[in-house]
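Start counting the sequence shown at 1; every next residue gets the next number (full-length UniProt numbering). Notes follow once the structure below has been shown.
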Amino acid sequence: MIQSALRLFVAMPGTNMGASAEWKAPDQIKLHFYEPIRKALAERLSREVELVIEKDKVLGGPIHASMFRDALKADIYIADLTGNNANVYLELGARWTSRDAVTIVVSQNVSEILFNAAASRAIPYAKDPASLSKAISEVVKAVVEEIADPNHCDSPVRQSSDLVVHTRGYIEELQIENSKLKEQRGQDLFAAAVTTKQPDERLRLLHEVVNINPSRVDALVELGTELRKQTKYDESISILRRAVALDPKSSDAYREMGIAYGKQGDHEKSVHALEEAVRLAPEHAEALRNLGGALRRWGFRDAPSAIDWNAIRLAQERYATAARREPYDTYSLLNVAKLELLLSSTDPSRLPSAMSQFGKVKPLCEFNVSNDPEDPWRRFDLAESCLVSGDTHKGYELYKEAIAVVPLRHRESYLSSVLSPFHELLSLNVVSGELKNAIKKVCTLLEKEIGKAKAGEPIENQ
């Protein structure tokens, strides 16, 4: 492999070496001192060495920029302090600040070196052959030894500092690489978050993802969703507002924000957010279902003194539309039936049809539970279909089984959603007898488990 040439840069006065210098001609010094150093280094290192002296450059451009660039980039740097030229001191300071090595100080008058540079080792040189030969040998020896020791530092500035200097391009490359690594780590954490069964772990992982990439909308939506499931509604809404601000066309962000507003009790904002979610994704059955629930709660905002029946009918229409989008979705079908029960309080002729719908959906609920037994909502659908269709004992037992599937951290949020429609049914007296008593019993069970969830108690073996 062919190695690139080493760059030997000499900082020295450009035209005159100063009044105290015995050897005053820079061109002669270059020819008889620095050029022999270059040749000797090339021979000792078995590598091409390029000698660069600032005054010899002919390309246009700012001189200071060129000098400081060489102070950083030169492999070997010689500062000739003969005559105490101010620019050479400035360049030497820049070199000491930016590079650990290899920096050699030389002077025809070592005793006259000024400032802190006087404390550094300087190699004297003179015009006479003996002194010149000795100086060349000492410079070459110092350079070779420093190159051989990568840990050596000859800079008085950097010896007592942890400062590391790199080019802007190198830093930019590192930043790009770091960004890619962070993005990949964010992807890995996000994948872990959406697959874990542990709510607290999911929350921790999602916070990490958002810290890594604060503008990742899907992660913000997932984080807002998990916060909502853990009844942290203010935090959830704050996160989801960020998601909406980043992506105003995110139906998922609006949908989750609408659910969180509903859980918080702000039903008007819930309806508005969910209407926007449906507007953005009119074919999205889940958004339609969520809007149906929000409209139902909005219809009961002034209950029991007044019910907004227009909102209730509109809620049923949204659930019915969702059911047309997904014909085998039991959640939508059962909510259509529940709203039919509610509407039967103003039109009793609706009651028989409403009751029969629960029985019709039951076989589909059983199939869904067998197909996905870990989904709490599938189990709640089956429990409800059994309870309302007449198998009240089995329905009650199925509610207990469904509750057991809900993670403790999610239980308060989930069970409050199951409980509120039953309270609405009971408040309107649309059911009676055994079914009414069974619903009251289920309500008591749900309220008890909500209380335990708030207290952080584990579920009992039932």
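All C-beta atoms in this analysis are idealised placements derived from N, C-alpha and C, irrespective of residue type, glycine included. Note that the coordinates shown come from a computational prediction; the quantities given were computed from them, not determined experimentally.
The C-beta distance from GLU256 to LEU240 rounds to 5 Å, short enough to meet the 8 Å contact threshold. For ILE450, there is no enclosing beta strand (DSSP E); the enclosing alpha helix (DSSP H) has its first and last residue at 433-455. Listed in chain order, the non-local C-beta contacts of ILE136 below 6 Å within the same chain comprise PRO36 and ILE37, local neighbours out to five positions each way being set aside.
Nearest neighbour of ASP218 by Cα position, chosen from GLN230, ALA193 and THR231, turns out to be ALA193. A contact between stretches requires three or more CB pairs, one per stretch, nearer than 8 Å, and the region 111-124 fails this requirement with the region 165-182. In the assembly as shown, LYS182 is an exposed residue. Its beta-carbon has fewer than 16 other beta-carbons within 10 Å. Here VAL102 is not near ILE123, since their CB atoms are 9 Å or more apart. Nearest C-alpha to ARG379 among THR196, LEU205, VAL405 and ASN87: VAL405. Look at the beta carbons and you see the region 248-263 touching the region 287-298: at least three pairs across the two are nearer than 8 Å. Note on GLU22: under 16 other CB atoms within 10 angstroms of its CB, so exposed under the neighbour-count rule. In the DSSP assignment, SER236 falls within the unbroken alpha helix (DSSP H) covering 233-246.
Residues ARG378, ARG379 and LEU382 of the same chain have their beta carbon placed closer than 7 Å to that of VAL369, with the five preceding and five following residues left out of the count. DSSP places PHE300 outside both helix and strand once states are collapsed to three, so it counts as coil.
Excluding its 5 nearest sequence neighbours in each direction, ASP372 has C-beta neighbours in its own chain below 7 Å: ARG378, listed in chain order. In the DSSP annotation of this structure, the continuous segment of the beta strand (DSSP E) that includes TYR77 starts and ends at 76-80. Leaving aside the five residues that flank GLY224 on each side, the residues in its chain whose CB is nearer than 6 Å to its CB run, in chain order, SER236, ILE239, LEU240 and GLU256.
When DSSP states are grouped into helix, strand and coil, SER349 belongs to the helix group. Residue range 103-107 is occupied by the beta strand (DSSP E) that includes ILE104. As the crow flies, the alpha-carbon of ALA253 is around 30 Å from that of GLU449. The beta carbons of TYR399 and LEU445 sit closer together than 9 Å. The Cβ-Cβ distance between TRP96 and ARG158 falls below 9 Å. Contact check for ALA11 against ALA79 passes: the beta carbons are separated by less than 9 Å.
With respect to the C-alpha of ALA281, the residue from CYS386, ALA303 and SER250 having the closest C-alpha is SER250. For ALA273, the number of other beta carbons within 10 angstroms of its own is at least 16, and it is reported as buried. Per DSSP, the continuous alpha helix (DSSP H) segment holding ILE171 begins and ends at 168-195. A straight line joining the alpha-carbon of ASN84 with that of SER111 spans about 11 Å. In the DSSP annotation of this structure, the continuous segment of the alpha helix (DSSP H) that includes PRO199 starts and ends at 199-212. For PHE9, the uninterrupted beta strand (DSSP E) run begins and ends at 6-11, by DSSP.
Rounded to whole angstroms, ALA453 and TRP309 show a C-alpha spacing of 33 Å. With respect to VAL143, LEU41 sits close: the two C-beta atoms are nearer than 9 Å. For ILE53, the beta-bridge partners assigned by DSSP are VAL10. Taking 9 Å as the cut-off, the beta carbon of ARG318 is found no closer than this to the beta carbon of HIS284.
When TYR331, PHE358, LYS360 and PRO199 are compared, the shortest CA-CA separation from GLN230 is found for PRO199.
Restricting attention to CYS153, ALA191, PHE33 and THR196, the CA atom closest to the CA of GLU138 is found in PHE33. Annotated three-state conformation of ILE123 is strand, per DSSP.
Restricting attention to GLU43, VAL49 and THR82, the CA atom closest to the CA of GLY18 is found in THR82.
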